[in-house]
Amino acid sequence: MHNSSGRLNFDVVKPENNYPSVVSQQNLFATSADIVQKRTHEAIKAATESNLEITDKKQEIRSFIQHINVTCDGCSKSPIIGDRHKCMFCPNIDFCQDCKSLTNHQHDSKHPLICIRDSSLYTSSIYIQNMNKLIHFNTSCVYCSVSPIIGIRYQCIPCGINLCEKCEFLCLHDVSHKRIKIILPE
Numbered sequence: 174m175h176n177s178s179g180r181l182n183f184d185v186v187k188p189e190n191n192y193p194s195v196v197s198q199q200n201l202f203a204t205s206a207d208i209v210q211k212r213t214h215e216a217i218k219a220a221t222e223s224n225l226e227i228t229d230k231k232q233e234i235r236s237f238i239q240h241i242n243v244t245c246d247g248c249s250k251s252p253i254i255g256d257r258h259k260c261m262f263c264p265n266i267d268f269c270q271d272c273k274s275l276t277n278h279q280h281d282s283k284h285p286l287i288c289i290r291d292s293s294l295y296t297s298s299i300y301i302q303n304m305n306k307l308i309h310f311n312t313s314c315v316y317c318s319v320s321p322i323i324g325i326r327y328q329c330i331p332c333g334i335n336l337c338e339k340c341e342f343l344c345l346h347d348v349s350h351k352r353i354k355i356i357l358p359e
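For the sequence shown, the numbering used here gives the first residue as 174, with consecutive numbering after it.
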């Protein structure tokens with residue numbers, strides 16, 4: 174039955190068993206929407222489960238990464254397995270994942286620790302490879318007064334001041350100011 178008066182339209186549908194039944198088009202669309210919604214939820218659930226499996230595998234792989242020739246200064250475990258946490262201020266201070274937040278070791282808890290997931294990637298960085306060669310003579314950091322600046326030097330564009338990489342990392346200067354990262358000594 175078709176009617177343009179705004180009432181529901183009905184069609185006669187003959188199922189396979191040849192018994193006629195009346196189905197409203199509105200009900201048919203609602204059922205289709207339910208099917209689409211169910212399939213969407215199933216797809217989202219499958220994708221989420223897949224992502225969780227990938228995350229679990231990454232964490233499992235990470236737990237097997239060894240930092241050869243690196244000893245934890247908290248528990249003396251060597252090599253450190255899993256994430257390694259290196260102090261940005263103290264030379265040769267490293268912690269394993271278990272010891273990074275403990276306060277019972279002799280290390281300043283205010284020092285920032287950088288998380289190193291894979292030492293093989295970290296050692297190839299300019300920070301480690303050329304640290305002792307990056308000497309910026311005749312410059313000093315305006316915050317910690319280290320002179321000369323060794324390592325990466327940051328120069329504030331508006332102010333013209335110099336910062337060492339540790340003070341820049343701690344955001345001691347106005348963070349809205351743009352900086353130049355200088356990796357080659359003048």
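Note that CB positions come from ideal geometry on N, CA and C, so glycine has one too.
Residue i in three-state terms, based on DSSP
i           : result
residue 290 : coil
residue 346 : coil
residue 259 : strand
residue 280 : coil
residue 246 : coil
residue 273 : coil
residue 359 : coil
Element boundaries [beta strand (DSSP E), containing residue i]
i           : result
residue 267 : 267-269
Same chain, Cβ closer than 8 Å to residue i, five either side skipped, listed in chain order
i           : result
residue 330 : 350, 351, 352 and 353
residue 269 : 245, 247, 248, 250, 253, 254, 255, 256, 257 and 258
residue 289 : 240, 256, 257, 258, 259 and 295
residue 355 : 309, 325, 326, 327 and 328
residue 243 : 251, 252, 253, 257, 267 and 292
Neighbourhood of residue i by C-beta, 6 Å cutoff - its chain only, sequence neighbours within 5 removed
i           : result
residue 338 : 324 and 325
residue 334 : 315
residue 317 : 340
Beta bridge counterpart(s) of residue i as assigned by DSSP
i           : result
residue 327 : 336 and 354
residue 217 : Paired residue(s): none; residue 217 is not in a bridge.
residue 254 : 239
residue 308 : 323
Local Cβ density within 10 Å of residue i, reported as buried at 16 or more and exposed below that
i           : result
residue 336 : buried
residue 344 : exposed
residue 267 : buried
residue 259 : buried
residue 221 : exposed
residue 307 : buried
residue 213 : exposed
residue 322 : buried
Residues near residue i by beta carbon distance below 7 Å, same chain, minus five either side
i           : result
residue 273 : 258 and 286
residue 291 : 238
residue 342 : 261 and 285
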